[in-house]
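Q: Chains as they are written, first to last, in this note's numbering: chain V, 1490 to 1644; chain F, 3 to 365; chain Z, 107 to 231.
I'd like to ask some things about the structure below.
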Amino acid sequence: MGLKEFVEKSFKKSPWVLHYNCSSCNGCDIEILACMTPLYDMERFGMVNVGNPKHADILVVTGTVNHKNKEVLKNIYDQMPEPKVVVAVGVCAATGGIFREAYNVLGGIDKVIPVDVYVPGCPAKPEAIIDGLYKAAEILKEKYEKMGKAEEVLK
Amino acid sequence: MIRMSDKSTIPFGPQHPVLPEPIHLKLVVEDEKVVEAYPSFGFVHRGLEMLVQKKDFNQMVYVVDHICGICSAMHGQAYCQAVEELIGIDVPERAKYLRVVWAELHRIHSHLLWFGLLADAFGFENLFMLSWRIREKIMDILEATAGNRVIISVNIVGGVRRDIDTEQAKWLLDELKEVEEGLKELEKIVKNNYTIKQRTVGIGVLSKDDAYMFGAVGPTLRGSGVPIDMRTTGYAAYGNLDFEPVVETDGDTYARTIVRVREMFQSIDLVKQAINKMPEGEINVKVKPNLPAGEVITRVEQPRGEVFYYIKSSGGKNLDRLRIRTPTFANLASLLHMLPGSTLADVPVLVLTIDPCISCTER
Amino acid sequence: MINSREVKVDEIEKEAKYYYDNGYRFVTETCLEEDGKFKIIYTFEREYELENFHVYVNPAEEVPSISKIYFAALLVENEIQELFGVKFKNLAIDFEGLLFLGEYSPISPQASIEIMRRDKGDKNE
Chain V
1490 MGLKEFVEKS FKKSPWVLHY NCSSCNGCDI EILACMTPLY DMERFGMVNV GNPKHADILV
1550 VTGTVNHKNK EVLKNIYDQM PEPKVVVAVG VCAATGGIFR EAYNVLGGID KVIPVDVYVP
1610 GCPAKPEAII DGLYKAAEIL KEKYEKMGKA EEVLK
Chain F
3 MIRMSDKSTI PFGPQHPVLP EPIHLKLVVE DEKVVEAYPS FGFVHRGLEM LVQKKDFNQM
63 VYVVDHICGI CSAMHGQAYC QAVEELIGID VPERAKYLRV VWAELHRIHS HLLWFGLLAD
123 AFGFENLFML SWRIREKIMD ILEATAGNRV IISVNIVGGV RRDIDTEQAK WLLDELKEVE
183 EGLKELEKIV KNNYTIKQRT VGIGVLSKDD AYMFGAVGPT LRGSGVPIDM RTTGYAAYGN
243 LDFEPVVETD GDTYARTIVR VREMFQSIDL VKQAINKMPE GEINVKVKPN LPAGEVITRV
303 EQPRGEVFYY IKSSGGKNLD RLRIRTPTFA NLASLLHMLP GSTLADVPVL VLTIDPCISC
363 TER
Chain Z
107 MINSREVKVD EIEKEAKYYY DNGYRFVTET CLEEDGKFKI IYTFEREYEL ENFHVYVNPA
167 EEVPSISKIY FAALLVENEI QELFGVKFKN LAIDFEGLLF LGEYSPISPQ ASIEIMRRDK
227 GDKNE
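In structure tokens form, the structure reads like this:
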């Protein structure tokens, strides 16, 4: 196996996850953390939680967007290298949920950045989150392959 | 050698590996020492107190449950107790005991969660995994008894919405035994492990007077030797249960860790007592759709300390004003006092020592 | 029902000092709006007993901060300043209305009386 194939394979099999709490109530966040712990063990899919946006392939966002953190969210998203996938965990991230009517809430995170996978639930169950992340990994694979084709065309 | 300037400013957060929640600290450091710290919040501010104008007092229970996903049952409890006092209804005895059961289960899961995060902050990932593995048992109990793992919303104005039957109670006690075994293991590690002591003993010392006067609450206060615990005021069924506030005197991060570990054993004991003393009967009473005029203050002991609820009504379905002073909000003054003088490497441990819940703080 | 006695705005510091000297713990301040005025309730605690006093503040009035006496009052006074627009003087750290809300956030609708628009006209959208 050449180096290129090796990198390609590891990329598809081990997406790195960045988690950002975007004015969530913590419910979904602790469930995401629970996904990494022994019972649910996200790492069996090769997913590792990282703290640096530049290392991450999948962005997991919980909670609604407010006026102060929309800049932060956009900033984090822009720093991630292509290809990238965004997973919105919980109803708040999808639509604003129970906080929808609060004055400082903009709504779902798709108002600020494009979202690929929505995971419903209040809070989303670990099983649902893992399912969502697995879907995200597949979308990432697709995006990666599309990118490769685009590069070939540009050559 | 020419030195340009000794001072530099380092931003900490809002997106930081050790923090599950966004908080931003501007740290002014001199070499490795923090000399000044300025917090900045607002990344989680939603304006929940304002929702009282849009939702009626029954719907608000679910909103206050979502102030924080970790101690949600106690937020609901504090709110319901305030409204019940305003209306002047007596909650059935059984409901009071059930509230204690769920509140104490929440305390155990919250402390285990915090302990894992602290271990992660000082680089002991194995311990993080261990404490979260024990925590899963509590999550199972919550799911089996209340129907959801995290935000269980069991409290309603007038009582609780679900009952624990005898069979389930027996199963619950069996599960708790296993949790207790796990906790004993954890306690052994905390008391004997070199790494934990190196990273926590003497870090973030808060003297008794300082803790009292900075308005610290919960384990932060009790770790400094002040025996204040709102549960001793006897709200819900705590008046009929036997317990003493857990107090340690050293006032450092290690003392606060010990307080929380001991509180977990205390909570298990309280759950056992509550289940054994629980009387038969109704679990909720019907509530009239309109509120009387008046204002009420209630305080409830949460895992992080005392939460303060102020409600004001002038009749009708909606409250006029809901004001929530959460425990982290009270503890932040102590954090700001502890940060200057510490080293940069200790900042994550210091931030976690008060068990910050930013979602509570900003509402 | 809560017991609370009314004091005048310029007596706040004196009252706070009294509680400080008598070993009371600061609990919180609560701001509400009553008949076109702000009502701020100060709450202190000693041995599980709460003591309250409140002041009525006219929208244009400045309130003396007690954060130099009770450091813990710092955050709550900044919060009130930000969400209600009541101006505090002598704050230990003044966040200038940027504690919870960002530069582009909407003005908090917590109070119907509008006094403090953030004085950052060029930055506001």
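Even for Gly, the Cβ is constructed at its ideal location relative to N, Cα and C.
1. What residues in its chain sit with their C-beta under 7 angstroms from that of residue 1601(V), if we drop five residues either side in the sequence?
2. Tell me which residues of the region 119 to 140 of chain Z have at least one Cβ-Cβ distance to chain F shorter than 7 angstroms, keeping chain order.
3. For the beta strand (DSSP E) holding residue 344(F), just list the boundary residues, first then last.
4. Considering only residues of the region 134 to 170 of chain Z, which uninterrupted alpha helix (DSSP H) runs meet the minimum length of 4 residues and lie entirely inside it, listed in chain order?
5. Does the beta carbon of residue 153(F) sit closer than 8 angstroms to a beta carbon anywhere in chain V?
6. When the Cα atoms are used, what is the spatial distance from residue 1616(V) to residue 1511(V)?
7. Kindly indicate which three-state DSSP category residue 111(F) falls into: helix, strand or coil?
8. Using a Cβ-Cβ cut-off of 8 angstroms, state whether residue 261(F) counts as contacting chain Z.
9. Output the distance between the C-alpha atoms of residue 304(F) and residue 73(F), rounded to the nearest integer angstrom.
10. How would you write the range of the alpha helix (DSSP H) that residue 312(F) sits in, first residue to last?
11. Measure how close the beta-carbons of residue 164(F) and residue 156(F) come, nearest whole angstrom, since I'm counting them as under 8 angstroms.
12. Using a Cβ-Cβ distance under 8 angstroms, would residue 177(F) count as near chain V?
13. At a Cβ threshold of 8 angstroms, is residue 108(Z) touching chain F?
14. Could you give the distance in angstroms between the alpha-carbon of residue 337(F) and the alpha-carbon of residue 149(F)?
15. Among 150(Z), 141(Z), 182(Z), which has the Cα closest to the Cα of residue 123(Z)?
16. When Cβ atoms are compared, which residues of the region 293 to 326 of chain F fall closer than 8 angstroms to chain V?
17. Interface residues of chain Z around residue 364(F) at Cβ under 7 angstroms?
18. If you draw a straight line from the alpha carbon of residue 28(F) to that of residue 1499(V), how long is it in whole angstroms?
19. DSSP three-state label for residue 68(F), please.
20. Give the straight-line distance between the Cα atoms of residue 258(F) and residue 333(F), rounded to the nearest whole angstrom.
21. Does the region 192 to 200 of chain F come close enough to the region 276 to 290 of chain F to have 3 or more Cβ pairs within less than 8 angstroms?
22. Assuming residue 1538(V) is part of the beta strand (DSSP E), what are its boundary residues?
23. I believe residue 140(F) touches residue 113(F) by the beta-carbon criterion, under 8 angstroms. Please report the beta-carbon distance rounded to the nearest angstrom.
24. Report yes if the CB atom of residue 285(F) is closer than 8 angstroms to the CB atom of residue 97(F), and no otherwise.
25. For a contact meaning CB atoms closer than 9 angstroms, what does residue 1504(V) contact in chain F?
26. Could you check whether the Cβ of residue 54(F) sits closer than 8 angstroms to any Cβ belonging to chain V?
27. Is the CB of residue 332(F) under 8 angstroms away from at least one CB in chain Z?
28. I want to know whether the region 1563 to 1579 of chain V touches the region 1537 to 1549 of chain V - three or more CB-CB distances under 8 angstroms.
29. Under 8 angstroms by Cβ, that's how I've got residue 195(Z) and residue 171(Z) pegged, so tell me the actual separation to the nearest angstrom.
A: Looking at the coordinates:
1. Against the first sequence, residue 1601(V) aligns to sequence position 112. Around residue 1601(V): 1554, 1559, 1562, 1563.
2. 131, 132, 133, 134, 136, 138
3. Along the second sequence, one-based indexing puts residue 344(F) at 342. Segment: none, residue 344(F) is in no beta strand (DSSP E) and carries neither H nor E.
4. none
5. Residue 153(F) sits at position 151 when you count from the first residue of the second sequence. Yes, residue 153(F) counts as interfacial toward chain V.
6. Your numbering for residue 1616(V) matches position 127 in the first sequence. Your numbering for residue 1511(V) matches position 22 in the first sequence. In this model, residue 1616(V) and residue 1511(V) are separated by some 21 angstroms (Cα to Cα).
7. If you number the second sequence from 1, residue 111(F) lands on position 109. Residue state, collapsed to three classes: helix.
8. Sequence index remark: in the second sequence, residue 261(F) carries index 259 (1-based). No, its Cβ sits nowhere closer than 8 angstroms to a Cβ of chain Z.
9. For the purposes of this step, residue 304(F) is identified with residue 302 of the second sequence, where counting begins at 1. For the purposes of this step, residue 73(F) is identified with residue 71 of the second sequence, where counting begins at 1. Going by the C-alpha atoms only, they are around 7 angstroms apart.
10. The residue you call residue 312(F) lines up with position 310 of the second sequence. From DSSP, residue 312(F) is part of no alpha helix (DSSP H) but of the beta strand (DSSP E) over 307 to 318.
11. As a working mapping, residue 164(F) is identified with position 162 in the second sequence. As a working mapping, residue 156(F) is identified with position 154 in the second sequence. Contact annotation, residue 164(F) with residue 156(F): C-beta distance approximately 6 angstroms; criterion of less than 8 angstroms satisfied.
12. Counting from one through the second sequence, the residue named residue 177(F) turns up at place 175. Not one chain V Cβ lies under 8 angstroms of residue 177(F).
13. As a working mapping, residue 108(Z) is identified with position 2 in the third sequence. Taking Cβ atoms only, chain F reaches closer than 8 angstroms to residue 108(Z), which makes this a yes.
14. Residue mapping note: residue 337(F) aligns to position 335 of the second sequence, counting from 1. Residue mapping note: residue 149(F) aligns to position 147 of the second sequence, counting from 1. Across the structure, residue 337(F) and residue 149(F) are spaced so that their CA atoms are roughly 36 angstroms apart.
15. Indexing the third sequence from 1 puts residue 123(Z) at position 17. Out of 150(Z), 141(Z), 182(Z), 150(Z) has the C-alpha closest to the C-alpha of residue 123(Z).
16. Only those residues of the region 293 to 326 of chain F whose C-beta falls short of 8 angstroms from the nearest C-beta of chain V would be listed, and there are none.
17. Walking along the second sequence from the start, residue 364(F) turns up at place 362. Neighbours of residue 364(F) in chain Z, taken as residues at a C-beta separation under 7 angstroms, are given in chain order as 206.
18. By 1-based counting over the second sequence, the position of residue 28(F) is 26. By 1-based counting over the first sequence, the position of residue 1499(V) is 10. Roughly 38 angstroms between the two C-alpha positions.
19. Numbered from 1 along the second sequence, position 66 holds the residue referred to as residue 68(F). Three-state result, residue 68(F): coil.
20. Indexing the second sequence from 1 puts residue 258(F) at position 256. Indexing the second sequence from 1 puts residue 333(F) at position 331. Residue 258(F) and residue 333(F): Cα-Cα distance of roughly 13 angstroms.
21. The region 192 to 200 of chain F, when compared against the region 276 to 290 of chain F, does not touch it at the 8 angstroms Cβ threshold.
22. Walking along the first sequence from the start, residue 1538(V) turns up at place 49. Segment 1537 to 1539, the beta strand (DSSP E) holding residue 1538(V).
23. The sequence position of residue 140(F) within the second sequence is 138, counting from 1. The sequence position of residue 113(F) within the second sequence is 111, counting from 1. That pair is no contact at about 10 angstroms.
24. Locating residue 285(F) in the second sequence gives position 283, where the first residue counts as 1. Locating residue 97(F) in the second sequence gives position 95, where the first residue counts as 1. Contact flag set, yes.
25. Taking the first residue of the first sequence as 1, we reach residue 1504(V) at position 15. In chain order: nothing, as chain F lies at least about 18 angstroms away.
26. As a position in the second sequence, residue 54(F) is number 52, starting the count at 1. So no, residue 54(F) is outside the interface.
27. By 1-based counting over the second sequence, the position of residue 332(F) is 330. For residue 332(F), the answer is yes, since a Cβ of chain Z falls inside 8 angstroms of its Cβ.
28. yes
29. As a working mapping, residue 195(Z) is identified with position 89 in the third sequence. As a working mapping, residue 171(Z) is identified with position 65 in the third sequence. Residue 195(Z) to residue 171(Z), Cβ: 6 angstroms. Contact.
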